[in-house]
Amino acid sequence: MKALFLLLLLAGLSTAAQAQLKDRYAERPGTTEPSAAQVERLTRTMSEQLQLNEAQIIQLRAVNKIKLARVEEIQWQYYDSPLERNAKLAELESQYETECSRILTPSQLSMFHDDRQRDAVPPQPTNPTDGGLG
-14 MKALFLLLLL
-4 AGLSTAAQAQ
6 LKDRYAERPG
16 TTEPSAAQVE
26 RLTRTMSEQL
36 QLNEAQIIQL
46 RAVNKIKLAR
56 VEEIQWQYYD
66 SPLERNAKLA
76 ELESQYETEC
86 SRILTPSQLS
96 MFHDDRQRDA
106 VPPQPTNPTD
116 GGLG
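Residues -14 to 119 (the working numbering) make up the sequence shown, in order.
This is the structure in structure tokens:
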């Protein structure tokens, strides 16, 4: 009788645990994986700009997949807290650059940083009255 009671108790607990695991992503639509097209597009762009070899392309594809998945997760998880979201995204970007520095050669890494800085700096208006009150 004790064995039967213990068996039923364990079955009930495992069912509750399974339900909690399934509920973890119930609010999120779709999957937690980024689309293959996004990963391929990012990897192809980097490959063309940095002239990567096959081994680097394979390694970067895996790193890009992880990065895109984490970006989506962070944006979903911290959608109501922009400060936390930006801090988490900055931390993720730092980790991404560390991973890229392990894969890329020094000259490729320099081009990578140049491209990132160019993308981060907004273009300056050519006309002094553009974007202002003038």
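Cβ atoms here follow ideal geometry from the backbone N, Cα and C, with glycine treated the same way.
Which of helix, strand or coil does DSSP assign to N49?
-> helix
Would you grab the beta carbon distance between R70 and Y63 for me? Rounded to a whole angstrom, and I think it's under 8 Å.
-> 4 Å
Per-residue DSSP class, three states only, for S66 | coil
Same chain only: Cβ atoms within 6 Å of Q93, ignoring 5 sequence neighbours per side | L35
Is M(-14) helix, strand or coil by DSSP?
-> coil
Selected residue, minimal CA-CA separation from R55, among S95, P19, F97, R103 = P19
Going by CA-CA distance only, name the one from A(-12), Q41, A21, E57 that's closest to E84.
-> Q41
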